[in-house]
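> Residue numbers (our numbering), protein chains in the order written: chain A, 1 to 195; chain B, 196 to 390.
A virtual CB, placed ideally from N, CA and C, is assigned to each residue, including glycine.
Protein chains: 2
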Amino acid sequence: MSPGGRRPGDSGTRDAILDAARSGFARAGYDATTIRGVAREAGVDPALVHHFFGSKEAMFTAALSLPLQPGEVVPALLAGGTEGLGERLVLLFLSLWDSPATREPLLGLIRSAVSHERAAAMLREFLTAEVLGRVASALDVPDAALRANLVGSQMIGLAMLRYVIEVEPLASAEHAAIVAAVGPTVQRYLTGDLT
Amino acid sequence: MSPGGRRPGDSGTRDAILDAARSGFARAGYDATTIRGVAREAGVDPALVHHFFGSKEAMFTAALSLPLQPGEVVPALLAGGTEGLGERLVLLFLSLWDSPATREPLLGLIRSAVSHERAAAMLREFLTAEVLGRVASALDVPDAALRANLVGSQMIGLAMLRYVIEVEPLASAEHAAIVAAVGPTVQRYLTGDLT
Chain A
1 MSPGGRRPGD
11 SGTRDAILDA
21 ARSGFARAGY
31 DATTIRGVAR
41 EAGVDPALVH
51 HFFGSKEAMF
61 TAALSLPLQP
71 GEVVPALLAG
81 GTEGLGERLV
91 LLFLSLWDSP
101 ATREPLLGLI
111 RSAVSHERAA
121 AMLREFLTAE
131 VLGRVASALD
141 VPDAALRANL
151 VGSQMIGLAM
161 LRYVIEVEPL
171 ASAEHAAIVA
181 AVGPTVQRYL
191 TGDLT
Chain B
196 MSPGGRRPGD
206 SGTRDAILDA
216 ARSGFARAGY
226 DATTIRGVAR
236 EAGVDPALVH
246 HFFGSKEAMF
256 TAALSLPLQP
266 GEVVPALLAG
276 GTEGLGERLV
286 LLFLSLWDSP
296 ATREPLLGLI
306 RSAVSHERAA
316 AMLREFLTAE
326 VLGRVASALD
336 VPDAALRANL
346 VGSQMIGLAM
356 LRYVIEVEPL
366 ASAEHAAIVA
376 AVGPTVQRYL
386 TGDLT
C-alpha cells in the first residue's frame, strides 16, 4: 500500500473504491476499466479491491447498485435444467423489477444507456463480457449469443412497456399471466428452432 | 379566423401549428390536447388545422416527425390476413429502424419517454388511443389489448438491443434471421394461446 493510502479499516475505503469504479466505468467503459486502475485512482492497493469485491464484475454491479451478478444468476437459473427455464427467468425478472429497491438502479441503467452513447457502450461491453459468454457456454445450442440477445430484447422491452411507459393492461398484469405469455417466448429463444 | 391571425397561404402557418402541437402534447399529454386548443395557441382557425392534418393522430405524428401513423399501418398490415402477420410486422419495423431518416425520430421518442415522465405519459396515451383499440377491434381474439402490449414489448426491446445498446450479434444480424427468430413470437402474441 502506498504511503498515506487508505487501509482496509477505513470506513470510507469501500466508498472511495466505488466512486473510482463508477468514474472509471463511465469514462473508459467496461472492458478498459481494470481493478488495478480503479485501485490506483482510489489510492489503495489492488489486493484491497479484490478483498472487497473479488472480481471486476462484482465491482461493477456494486458501483451501479445492481441487484444481481450474471455470474451468480446464470448458473443458478441453469441449475434447474433447461425445462421451464424461460418461465423461471421471466419470474425472476418480474420480481426484481416489482421491488422498488431493485427497480431504481435497473431503471437508472436503462436511462443512461438510452441517453448517453458511453453508457450504452459500457452496458454493451458488460453484457458481452459477463452475460453472453456464460449463456453460450451453458447452453449446448447453436447461435447461443444471438439467443441471449433475443432473450435480452424481450426482457428489456417488457421492462420498457410495464415499468417505464406503463401501458395498460401490461403495467397491472399479474405475474402468472405475464409468465404464461412471455415464458414460452424466452424458452424458444434459448432452446428452440429459430430458423 | 381571428383578425391578424395566420392564413392558409402563409408559408410559416404549418410550422406554427406544429410548434403549438409539440408544445401542447409535451405539456398536457396526448388525450388532453385538442385540435381546437392547438389552433388557438397557433392563432389560426381550427378548420385550418383540419385542412393540414385531418386528425389529432396525424398532427401528433407530424409534430414528432414519426414515419408512420397507426391508423394507416395497422389496417394495411391486417389487410394481408393474420397468416404471416408477425413476420410482416417485424420486417416493417426493421425497415423503419434501419433507415437513418426514420430511425432518428423514433429514437427521440424512446429517449424522451425514458427520461421524462410527461413524455412517457404522452406516448402511453397515444398508444392506448390510436394503436391498442385498432388492434383490438381488428383481431377477433380475447385479450387483444394485452396482446398488442406484448407485441410492443418485443418490438421496443428489439430496437433497444439492436439500435440503442447495439449488442452483437443482433446489431449486425440480417433481416431474414431476425424475422425468422422474432416473427413467430409476434405471431403467437397476436393470435396464439397465451394461457
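(1) When you check each C-beta in the region 347-361 of chain B against every C-beta of chain A, which residues fall closer than 9 Å?
(2) What is the DSSP secondary structure of serine 2/A, counted as helix, strand or coil?
(3) Which residues in the same chain have their Cβ closer than 6 Å to the Cβ of serine 236/A, if we skip the five residues on either side of it in sequence?
(4) Taking 8 Å as the CB-CB cut-off, is valine 336/B touching chain A?
(5) Are isoleucine 35/A and histidine 50/A close, meaning C-beta to C-beta below 8 Å?
(6) Tell me where the alpha helix (DSSP H) around leucine 318/B begins and ends.
(7) Under a three-way DSSP split, which group does tyrosine 225/B fall into?
(8) Closest Cβ-Cβ distance between leucine 190/A and chain B: below 8 Å?
(9) Can the beta-carbon of glycine 266/B be found closer than 8 Å to that of arginine 209/B?
(10) Check each candidate in Gly281/B, Leu289/B, Ala257/B, Phe220/B and name the one with the smallest Cα separation from leucine 356/B.
(11) Just by C-beta distance, which residues in the region 294-311 of chain B are closer than 8 Å to chain A?
(12) Taking alanine 129/A and alanine 136/A to be in contact with their CB atoms under 8 Å, please state how far apart those CB atoms are, rounded to whole angstroms.
(13) Compare the C-beta of leucine 291/B against all C-beta atoms of chain A and say whether one is closer than 8 Å.
(14) So methionine 317/B packs on glycine 224/B, CB below 8 Å; how close in whole Å?
(15) Classify methionine 1/A: buried if its beta carbon has 16 or more other beta carbons within 10 angstroms, exposed otherwise.
(16) Got a sec, what are the start and stop residues for the alpha helix (DSSP H) glutamine 264/B sits in?
(17) Helix, strand or coil: which one does DSSP assign to serine 260/B?
(18) May I have the straight-line CA-CA distance separating valine 239/B from leucine 284/B, to the nearest angstrom?
(19) Threonine 191/A lies in the alpha helix (DSSP H); which residues open and close that run?
(20) Hey, quick one: how far does the alpha helix (DSSP H) through alanine 339/B stretch, first residue to last?
(21) Among the residues of its own chain, which have a CB less than 7 Å from the CB of alanine 62/A, if the five just before and after it don't count?
(22) Go ahead and pull the three-state DSSP assignment for valine 44/A.
(23) Of all Cβ atoms in chain B, is any one closer than 8 Å to the Cβ of threonine 195/A?
(24) State the start and end residues of the unbroken alpha helix (DSSP H) segment that holds valine 90/A.
(25) I need the straight-line Cα distance from aspartate 226/B to leucine 243/B, nearest angstrom please.
(26) Given a limit of 9 Å on CB to CB distance, which residues of the region 233-258 of chain B reach chain A?
(27) Answer yes or no: does any C-beta atom of chain A fall closer than 8 Å to that of threonine 277/B?
(28) Alpha carbon to alpha carbon, how far is glycine 387/B from alanine 20/A?
(29) Note down, in chain order, every chain B residue with its Cβ under 9 Å from the Cβ of alanine 120/A.
(30) Can you grab the Cα-Cα spacing for the pair leucine 259/B / valine 326/B, in whole Å?
(31) Does the beta-carbon distance from alanine 375/B to threonine 195/A come in below 8 Å?
(32) Does any residue of chain A bring its CB to less than 8 Å from the CB of alanine 340/B?
Judging by the given coordinates:
(1) Gly347, Ser348, Gln349, Met350, Ile351, Gly352, Leu353, Ala354, Met355, Leu356, Arg357, Val359, Ile360, Glu361
(2) For the purposes of this step, residue 2/A is taken as the residue at position 2 of the first sequence. Here serine 2/A scores only 46 on pLDDT, less than 50, and its place in the model is too uncertain to base an answer on.
(3) The structure shown has nothing for residue 236/A, since chain A only spans 1 to 195.
(4) Here residue 336/B corresponds to residue number 141 of the second sequence, with the count starting at 1. Chain A places no beta carbon closer than 8 Å to that of valine 336/B, leaving this residue out of the contacts.
(5) Locating residue 35/A in the first sequence gives position 35, where the first residue counts as 1. Locating residue 50/A in the first sequence gives position 50, where the first residue counts as 1. The beta carbons of isoleucine 35/A and histidine 50/A sit closer together than 8 Å.
(6) The count along the second sequence starts at 1 and reaches residue 318/B at position 123. Counting along the chain, the alpha helix (DSSP H) containing leucine 318/B begins and ends at 312-321.
(7) Looking up residue 225/B in the second sequence gives position 30. DSSP places tyrosine 225/B in coil when its eight states are reduced to three.
(8) Looking up residue 190/A in the first sequence gives position 190. By this cut-off, leucine 190/A is not an interface position.
(9) Here residue 266/B corresponds to residue number 71 of the second sequence, with the count starting at 1. Here residue 209/B corresponds to residue number 14 of the second sequence, with the count starting at 1. Not closer than 8 Å, so no.
(10) Within the second sequence, numbered from 1, the residue matching residue 356/B stands at position 161. Residue Leu289/B is the option with its Cα nearest to leucine 356/B.
(11) Ile305, Arg306, Ala308, Val309, Ser310
(12) Taking the first residue of the first sequence as 1, we reach residue 129/A at position 129. Taking the first residue of the first sequence as 1, we reach residue 136/A at position 136. At roughly 12 Å, the Cβ-Cβ gap does not stay under 8 Å, so alanine 129/A and alanine 136/A are not in contact.
(13) Taking the second sequence and counting its residues from 1, the one referred to as residue 291/B is at position 96. Judged by the 8 Å Cβ criterion, leucine 291/B is not in contact with chain A.
(14) Stepping through the second sequence from its first residue, residue 317/B is reached at position 122. Stepping through the second sequence from its first residue, residue 224/B is reached at position 29. Indeed, because the Cβ distance is near 5 Å, the residues count as touching under 8 Å.
(15) The count along the first sequence starts at 1 and reaches residue 1/A at position 1. With a pLDDT of only 43 at methionine 1/A, under 50, the local geometry of the prediction cannot be trusted, and the value read off the model is given with reservation. Looking at its Cβ environment, which holds fewer than 16 other Cβ atoms inside 10 Å, methionine 1/A is exposed.
(16) Taking the second sequence and counting its residues from 1, one reaches residue 264/B at position 69. Where glutamine 264/B is concerned, there is no enclosing alpha helix (DSSP H), given that its DSSP letter is neither H nor E.
(17) In the second sequence, residue 260/B corresponds to position 65, counting from 1. Coil, per DSSP.
(18) Here the question's residue 239/B lines up with position 44 in the second sequence. Here the question's residue 284/B lines up with position 89 in the second sequence. If I take the Cα positions, the gap works out to 38 Å.
(19) Translated into positions along the first sequence, residue 191/A becomes position 191. Taken as a continuous stretch (DSSP letters only), the alpha helix (DSSP H) holding threonine 191/A covers 175-191.
(20) Translated into the one-based positions of the second sequence, residue 339/B becomes position 144. It spans 339-354 - the alpha helix (DSSP H) in which alanine 339/B sits, taken as one unbroken run.
(21) To locate residue 62/A, count along the first sequence from 1; it is residue 62. Contacts found: Leu18, Phe53.
(22) Taking the first residue of the first sequence as position 1, residue 44/A is located at position 44. Residue state, collapsed to three classes: coil.
(23) Numbered from its first residue, the first sequence carries residue 195/A at position 195. Yes - at least one Cβ of chain B is within 8 Å of the one on threonine 195/A.
(24) Numbered from its first residue, the first sequence carries residue 90/A at position 90. In this chain, the alpha helix (DSSP H) harbouring valine 90/A covers 85-97.
(25) Here the question's residue 226/B lines up with position 31 in the second sequence. Here the question's residue 243/B lines up with position 48 in the second sequence. Approximately 21 Å between the Cα atoms of the pair.
(26) none
(27) Residue mapping note: residue 277/B aligns to position 82 of the second sequence, counting from 1. Threonine 277/B does not count as touching chain A.
(28) Taking the first residue of the second sequence as 1, we reach residue 387/B at position 192. Taking the first residue of the first sequence as 1, we reach residue 20/A at position 20. If you take the alpha carbons of glycine 387/B and alanine 20/A, they lie about 50 Å apart.
(29) To locate residue 120/A, count along the first sequence from 1; it is residue 120. Simply Val359, Ile360, Glu361.
(30) Position 64 of the second sequence, counted from the first residue, corresponds to residue 259/B. Position 131 of the second sequence, counted from the first residue, corresponds to residue 326/B. Distance between the alpha carbons of leucine 259/B and valine 326/B: 16 Å.
(31) Locating residue 375/B in the second sequence gives position 180, where the first residue counts as 1. Locating residue 195/A in the first sequence gives position 195, where the first residue counts as 1. Closer than 8 Å, so yes.
(32) Mapped onto the second sequence, residue 340/B falls at position 145. So, interface residue.
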